[in-house]
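*Asks:* Going down the list, the protein sequences come from chains A and B.
Position 839 of the first sequence, counted from 1, bears residue number 839 in the working numbering, the numbering being contiguous throughout.
In short: position in the second sequence from 1, add 1000, done, that's the working numbering.
Idealized CB from N, CA, C, for every residue including glycine.
Keep in mind it's a predicted model, so treat the numbers as computed, not measured.
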Amino acid sequence: MIVTHLAVSGVGRFRTRHVVKGLGPGLNLLCAPNEHGKSTLFRALQTCLFTRHGSSSEDIRLLSTLGAQLPASIEVGFQLNGAHYKVHKSFMQSRSSRLFKDDRLIAEGRPADEEVWRILGVQENGRSVDESTFGLLWVKQGASFDAIRTSDTARSTLSRLIEAEVGQVLGGVRGERVRQSIASQLAREETDTGRPRAGGDWKRAVDAEEQARASLAQTQETLRQLESDLQALERMLRRQRELEDAATAASMRAELERTTQERDAAERAHVAAEIAGGEEQRAALEHERAVKQHEALAAIDARIRVAREQLAERSAERAGFEEECRTAKQTLTACEARLAEADAALATAERARDRLARLAIAAAGASEAAALRKRLDDARAARDRRAMLSETLARDGLSAKQMQGIEDTARDLELRRQQQAARAPQVTIRLEADGAQRVRVQGEAIDGDRSLPVTGAVQIAIDGIAAIDIVPAASADDARHIEEARKALETALRKAGVSSLAEARARRAATEAMESERRELEATLRVLAPSADGADGLAALERRAAAAAAPLADLSEDEVRAAAEQPEKFAAEREQADQRRAQCREAQAQAQAALLNARTAVAAADMKLAACRNELARLEASLETDIRTAPDTDRAARLDALAEAVGAAARHLATAREKAAVLRAAVPSDEQRAALSARVKRLGEAIRNRESEQQRLREDIAASRARIAANGGQGLGQRAAELEETLAIAERERARIEAGLAALRLLRNTIDACRDEAREAYLTPIKRGMQPFLHTLFPGAEAQFDETLAIESLRRGAPEAEPFGYLSHGTREQIAIMVRLAFGGLLAARGQPAPVLLDDALVFSDDDRIECMFDVLTQAAEKHQVIVLTCRSRAFGSFGGRQITVEPEEMA
Amino acid sequence: MRLIHSADWQIGKPFLRFGEKAERLRTARLDAIEALGRLAIEEGASHVLVAGDIFDSDAPTTATMRQPLERMRNFPTVTWNLLPGNHDCHRPGGVWERLEALGLPSNVRPLLSPEPLALDARAWLLPAPLGSRAESRDLTAAMEQAATPEGAIRIGLAHGSITNFRAEGDASNPVDPDRAAKAGLAYLGLGDWHRTQSINARTWYAGTPEPDRHDSQTDGQALVVSIESASADPVVTPRTVGTFRWRSDAIVVSDAQQLADLETRWRQDAEPLSRLVLRLALSGTVSLTLRDQTREWSERLAASVCHLDCDLGGLQLRPDAAELDAIDFDGVLRQAAERLAARVKDLSLSEAERRVAEAALDHLYVEAHAAREATA
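#1: Please confirm if the stretch 1173 to 1183 of chain B is in contact with the stretch 1074 to 1084 of chain B, defined as three or more CB-CB distances below 8 Å between the two stretches.
#2: Can you tell me where the alpha helix (DSSP H) with residue 652/A in it begins and where it stops?
#3: Quick one: which chain A residues come within Cβ less than 8 Å of residue 1013/B?
#4: Under a three-way DSSP split, which group does residue 1087/B fall into?
#5: Hey, how far is the Cα of residue 663/A from the Cα of residue 265/A?
#6: Please go through the same chain and pick out, in chain order, the residues whose beta-carbon is closer than 8 Å to the beta-carbon of residue 488/A, but skip the five residues on each side of it.
#7: Consult DSSP for residue 1268/B and reduce its assignment to one of helix, strand or coil.
#8: If you compare alpha carbons, which of 1137/B, 1150/B, 1130/B and 1126/B is closest to residue 1144/B?
#9: Could you check which residue in 1066/B, 1370/B and 1331/B has the C-alpha nearest to that of residue 762/A?
#10: Mind checking if residue 1344/B is an interface residue toward chain A, Cβ cutoff 8 Å exclusive?
#11: To the nearest angstrom, how far is the alpha carbon of residue 596/A from that of residue 328/A?
#12: Can you give me the C-alpha to C-alpha distance between residue 310/A and residue 659/A, rounded to a whole angstrom?
#13: Rounded to the nearest angstrom, what separates residue 428/A and residue 452/A at their Cα positions?
#14: Rounded to whole angstroms, what is the Cα-Cα separation between residue 1197/B and residue 1049/B?
#15: Bridge partners of residue 28/A, per DSSP?
#16: Residues of chain A with a CB under 9 Å from the CB of residue 1057/B: which are they?
#17: Anything in chain B within Cβ reach of residue 726/A, meaning under 7 Å, just list it in chain order.
#18: 8 Å is my cut-off, CB to CB: does residue 834/A come that close to chain B?
#19: Report all residues from its chain with a CB closer than 8 Å to the CB of residue 1348/B; omit the five preceding and five following residues, and keep chain order.
#20: From the DSSP secondary-structure annotation, give me the bridge partner or partners of residue 450/A.
#21: Does the stretch 736 to 744 of chain A come close enough to the stretch 252 to 268 of chain A to have 3 or more Cβ pairs within less than 8 Å?
#22: Cβ of residue 967/A less than 8 Å from any chain B Cβ?
#23: Measuring only between beta-carbons, confirm whether residue 1137/B sits less than 8 Å from chain A.
#24: Should residue 632/A be counted as a contact of the ligand NAD given a C-beta to heavy atom distance under 7 Å?
#25: Quick one: is residue 579/A buried, meaning 16 or more other Cβ sit within 10 Å of its Cβ, or exposed?
#26: Please list the partners that residue 1064/B has in chain A, where partner means a Cβ-to-Cβ separation under 7 Å.
#27: Since residue 808/A meets chain B, which of its residues come closer than 8 Å, beta carbon to beta carbon?
#28: If you draw a straight line from the C-alpha of residue 32/A to the C-alpha of residue 7/A, how long is it?
#29: Closest Cβ-Cβ distance between residue 1324/B and chain A: below 8 Å?
#30: To the nearest angstrom, how far is it from the Cα of residue 1147/B to the Cα of residue 1116/B?
#31: Which of the three DSSP states, helix, strand or coil, is assigned to residue 240/A?
#32: Checking contacts by CB at 8 Å: is residue 1367/B closer than that to chain A?
#33: From what residue to what residue does the alpha helix (DSSP H) around residue 110/A run?
#34: Please name the residues in the stretch 1091 to 1102 of chain B whose beta-carbon is closer than 9 Å to at least one beta-carbon of chain A, in chain order.
#35: Starting from residue 101/A and walking both ways along the beta strand (DSSP E), at which residues does that stretch end?
#36: Does the beta carbon of residue 1214/B sit closer than 8 Å to a beta carbon anywhere in chain A?
Below, the structure written as structure tokens:
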């Protein structure tokens, strides 16, 4: 179909007849400003073709020129299948409808309306009409980017076209019904995740199976317990029979008895052997004692004999030792005498020499001794004087400090008085010519003028005239201060032991003199008798003086003088004395050596004699002891008797040993006895354990029987068999349902797969038709359609396809236009071309995209008519195609 | 002498998979006891020998224990000799002690020890009671040393598996098939195998008086054993005593008439269908119509028999051309059907996967048919 003519009057702004000029095949562009009537013309075209002329719908009224009481007349001319058709319709007023074919009227009125629809292939749907593919391809203003909604008729039309190409059907309503039936059956039984759905048969079967399984498991558990109890009961009964076996019990008791007897016999043998062992030990002791007694007496006898022999020998030795001692002592006496002589001689020589030496010393030190004596005397005098001075000073002295204190207090007193006097009024007495001796101040006559402070009551008497008592105003403080100072001075004087200041001064002067003298004496002492390290120098001086005088103690002065006056002679005498002393010393030394030897000899002789005597004493004592123990009179007999006793004891011992050996041989070993005791213990315990076990078994058997009776009475085995069958039934039912569901799923999936494949093939022509347009804008892109031929998504290289609704307005608009162009191409290819009409489209396209869309539209227009209405003259400047206009009729 | 030989009563078996029919089947086992009693009286047998598995469990409820006792009590002239089997072995605290504690009827005699006991003046019974579920020893060996009076008729009673038979018995309790000869038995009555079967002239399995499962025995039976002397072979006569018949068939469905003919044959049997416990495994390739007919037939049959276990899983639904056209089966649905059919034939898939594909294909046809009906 190609729209070739469109004229309107009484429509929209077109009050008068206006004609669209320039319409033709291919690309047509009507570019006019807003409110120029483009959309009105679009609606007029639709209305003329698809609306009954008698319709007075709201759409018709809105289409009519406002306020004009004119019919809304629309003419549409189109070319289809080689014929030229023209439709004239008037709405609202003077309603009419006429259809011309090749300029020949072929229908009027209602038939004309319907004939147009028949020609165009649209389907009446009651009072409206399904515009079929025209509704799909004619996009009104503002709807270019909406998702494409194909009506059933449009889809059917398109389907027929597509089916003609692909040769398959989608299955239609029946196939969908089957699919839905399967889906609903599955939905009743399973959730979206393939789990049993609550309330469904599968869930019920699963639950029933699980419940049966659980019940069976529980019953089987109890049954296992019952079986365990039965087996345990069987074991216990079997064990009870074993325990109650009389023969076994009797055998055990007999064994115990026998073993006990054997153990006791072994113990008795052991005891007897022990007793025999004791007897043997006693016999051995007896024998040993007898032997010892005999040996002891024999030893005594031997000792006595030996002692006596030794006594004789020692006695002979003693006489020799005694003689030897006497000789040695005589020698010693002689040596002692000789030594005494030598000592005396030496002492004499020593004394002589010593005297001569002292004489020499005395001669040398006599003057020194005298000087030391004088010095000592002086030092003693100084010491004594110093002591006296110290005593006097201590008693009567007045220290500087004391004196200072007295002076200070005196000065203070004087000061106070002066202060008082200074503050005191002055009385000046000036005598007249004959006033001398006539005025008395304080009772004392004055001869001249006198000025005096009145510090206290002053009496001035004028003889024969008056007595004046002056009492100054008392200053308490001054008087007090003066009094205090006076008392302080009195106290200081009293402490110092003086009565006045003058006395104090005098005493101080005397004290100072004595102190000076004492210092002089101390200096003298330091010279006469110096002390070192604090030692008493006087004592040292005394010692020196005594030392100097000592040599002179027993010497006469004559001798000393002579020694001093004749030194050569004195020296010779001294030399002789020295020689004499040396000789005496030599003789003394020899005498001492001889004495020492003599003493040594004496000591040795004494030792030997003493030893010999000791030995003799010992021997005698020992002999005496032994004789007492074993007198000679019966010793031999006793020896014989003891020998006899030894023999008897030996025999007794041998007998006891033999007996003990025999008994010990009969005693089982310790291990054997221990084994017997252990066996007795074990057998006893075993019998007791057996009896305990029997008792325990009786109790356990009773309890087990009670449990078995309780569980057995429940019919567990029968119950388990029922539950097993119930479980088997549940399992079969579940398997049946699951097999059915598996079949349904397989059927659903198979149908879906077949449908998807069919749809894919079904949509191929559309995709193929759209691909050139799509790749112009989006190289390599692919659009996905659903079964209603609506765009689902767009895949542009990314793994995920973009849903249509997620695309931008501009892209959606472009895609939607391209789909319509593809449909248009499909229709054209099948010999049913229909124009694509776009009112105010591509409003969301940018400059680049819009150019691409111009190319797309140009491509499409090669196959079918494309009419574009726009107000955007600049954007569509490069659109190309036929430029159509709307002109008033009078200008046509 | 004459006696009745039975075994494997399995009193207390649940039969829960039979749903509401379970109680009938349980009761039938008790009714079989009375049938045995009547048979004993009818045949002049004073003893019924039950070779084990009187109870299905060794821990039945007290009520389950009492029920057979009371049925046996109704036949005071008959002595019921009950041998413990592997299901109800004799153990301390077990079912037999509980039975004695309940108080047995005077005509009920549990055989709890292998000691020979006299049945009458001439016949002695040598029992081999089981003391555990699985006995590795042949307990009948003791029969060879069991002493009985000179010339006595020695009758053995045991529960176990003949060693050279197929392992159809429950337990490993072995029994020498030549025991009768080795122990000088006039007759050896066995239990355990739920099928009346002669091992040799003197050794028989009694089978169960009331079948309890398919593929064992069709009718419940007992043996009437007549023994003239210790040296003569006994005369053993199987007699039907059960209520229900158990039948199992596999049918390859070809057309509806086949099913109708089958049903006609069953109805012509002497026994009414209402006593038939039937298990059918149907297979074959069927059209939609035949499938519906088969379902209807199985539903009607289920109402006729005591219980019907009908497995239709072997049917392969393959609509014919007319049915496919009626369905207007093309496009995606046809493609899906072809794909599923390919999976059914794909031997590289497991058996389970191919069964799922078959079920899916069946479902597809059913759904398409239903959709067609809905949109028609």
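*Replies:* Concretely, from the data shown:
#1: no
#2: 635 to 665
#3: 721
#4: coil
#5: 13 Å
#6: 409, 412 and 413
#7: coil
#8: 1126/B
#9: 1331/B
#10: no
#11: 12 Å
#12: 50 Å
#13: 6 Å
#14: 16 Å
#15: 867/A and 882/A
#16: 715, 716, 717, 718, 719, 720 and 721
#17: 1016
#18: no
#19: none
#20: 429/A
#21: no
#22: This structure cannot speak to residue 967/A, because chain A is shown only from 1 to 892.
#23: no
#24: This structure does not include the ligand NAD; it has no bound ligands of any sort.
#25: exposed
#26: 715 and 718
#27: Ordered by position in chain B, no residue passes the 8 Å Cβ test against residue 808/A, which lies about 36 Å from the chain.
#28: 16 Å
#29: no
#30: 7 Å
#31: helix
#32: yes
#33: 109 to 120
#34: 1091, 1092, 1093, 1094, 1095, 1097, 1098 and 1101
#35: 96 to 101
#36: no
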